[in-house]
Structures are given as C-alpha cells and as structure tokens.
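Written below as structure tokens is the structure these notes are about.
Pasting the structure below:
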C-alpha cells in the first residue's frame, strides 16, 4: 500500500461508515421526515463510490463484488414486487398495505411503506454502484482517431 494521500485514505475510511449509518437513518426515518428509499440508496452508494475513487476500482470491488451488486438490484425489485404480491395473496389489491395488518390498517400502511422503501433503497444502491463500476471500469481512450 502506498503512503500517497495518506490523510485522504484515513478520512475516507472514517467517512465511509458514517455515510452508511446516515443512509440507514434516511432509509428508516423516511416516513417521518424527508428521505426514503431513493435518497438512502444514493447515499449508501456514495460510501462505496467514494471508497472506489480513493482506493481504486479493484479495491472497492473486493469490498463489494460486482456479482453482489447485480444480485442487490434484483433483490430490491423482488422486495418491492413481493410486497404487492403478498397483499394480493391475502385478497387485497397490489400494494394495498392494509393487508399487512388488517386489524390496524394504519400499522399495515407503515409496514408496507417500510418494505417498499427498503426495496427501492436496495435497488437504487445496486444501480448506482453498477453505474460507477461501468464507468470506472472503462479503458481509457488510446487516441482521437476513435472519433
């Protein structure tokens, strides 16, 4: 490991965990204040993108392998769609959150929103990191003749 940009590397390691913690706060507090799945997903991805910018693509892909990123995208969609399918299996309409607690529809609304927002957050995290991997993994242009 090079000692080049040592302060930047140390600060990045400190910030990455803090950024992830803030993303979790935005994710699970989004129904009470501004935030939710999309914002939390982008913030979560920023932690890994920052790590990749400072330590390099290979290093971040060891922490968060591309195969896992792709599975995350699918998992988020599955959580989102699964929430709606679960409601339909209980005889409700697609994404009718009242199905989650028929005795207390307001509790069901809360739980349903949390599930859907979790799915959105997981997918957005995966997509943003996949986009970063795609751009960062491109080979540099060799000459202007490629235009």
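In the numbering used here, the protein residues as written are 12 to 158.
Ideal Cβ positions, reconstructed from N, Cα and C, are used throughout, including at glycine.
Practice problem: Can you give me the start and stop residues for the alpha helix (DSSP H) that residue 147 sits inside? | Solution: Here residue 147 refers to the residue found at position 136 of the chain shown. From DSSP, the alpha helix (DSSP H) with residue 147 extends over 116–147.
Quiz item: What residues in its chain sit with their C-beta under 6 Å from that of residue 58, if we drop five residues either side in the sequence?
Solution: By 1-based counting over the chain shown, the position of residue 58 is 47. The answer, listed in chain order, is 27, 30, 31.
Exercise. Output the distance between the C-alpha atoms of residue 51 and residue 129, rounded to the nearest integer angstrom.
Key: Locating residue 51 in the chain shown gives position 40, where the first residue counts as 1. Locating residue 129 in the chain shown gives position 118, where the first residue counts as 1. Those two C-alpha atoms are separated by around 9 Å.
Quiz prompt | Spatial distance of residue 66 from residue 17 (CA atoms) | solution = In the chain shown, counting from the first residue as 1, residue 66 sits at position 55. In the chain shown, counting from the first residue as 1, residue 17 sits at position 6. Residue 66 and residue 17 have their C-alpha atoms spaced approximately 11 Å apart.
Exercise. Examine chain D for any beta-carbon lying closer than 8 Å to the beta-carbon of residue 140, and answer yes or no.
Key: Although the question refers to chain D, the structure presented lacks it and comprises just one protein chain.
Quiz item: Is the number of C-beta pairs between the segment 86–94 and the segment 142–149 that are closer than 8 Å three or more?
Solution: At 8 Å Cβ cutoff, the stretches do not touch.
Quiz item: Leaving out five residues before and five after residue 116 in sequence, what residues of the same chain have Cβ atoms less than 6 Å from its Cβ?
Solution: In the chain shown, the residue the question calls residue 116 occupies position 105. The residues are 109.
Quiz item: So residue 136 packs on residue 56, CB below 8 Å; how close in whole Å?
Solution: As a working note, residue 136 is residue 125 in the chain shown. As a working note, residue 56 is residue 45 in the chain shown. At roughly 5 Å, the Cβ-Cβ gap stays under 8 Å, so residue 136 and residue 56 are in contact.
Exercise. Grab me the residues of residue 96's own chain with a C-beta within less than 8 Å of its C-beta, minus the 5 sequence neighbours each way, in chain order.
Key: Walking along the chain shown from the start, residue 96 turns up at place 85. Spatial neighbours of residue 96 in its own chain (CB-CB distance under 8 Å, excluding positions within 5 residues in sequence) are listed in chain order as 105.
Quiz prompt | Sequence-distant residues of the same chain with beta carbon closer than 7 Å to residue 77, five excluded per side | solution = Within the chain shown, numbered from 1, the residue matching residue 77 stands at position 66. Residues 144 of the same chain have their beta carbon placed closer than 7 Å to that of residue 77, with the five preceding and five following residues left out of the count.
Quiz item: Excluding the five sequence neighbours on either side, which residues of its own chain have a C-beta within less than 6 Å of the C-beta of residue 80, listed in chain order?
Solution: Within the chain shown, the letter at position 69 stands for residue 80. Listed in chain order, the non-local C-beta contacts of residue 80 below 6 Å within the same chain comprise 137, 140, 141, local neighbours out to five positions each way being set aside.
Quiz item: So, using beta-carbon positions, are residue 37 and residue 54 closer together than 8 Å?
Solution: On the chain shown, position 26 is the one that residue 37 refers to. On the chain shown, position 43 is the one that residue 54 refers to. The Cβ atoms of residue 37 and residue 54 lie closer than 8 Å to each other.
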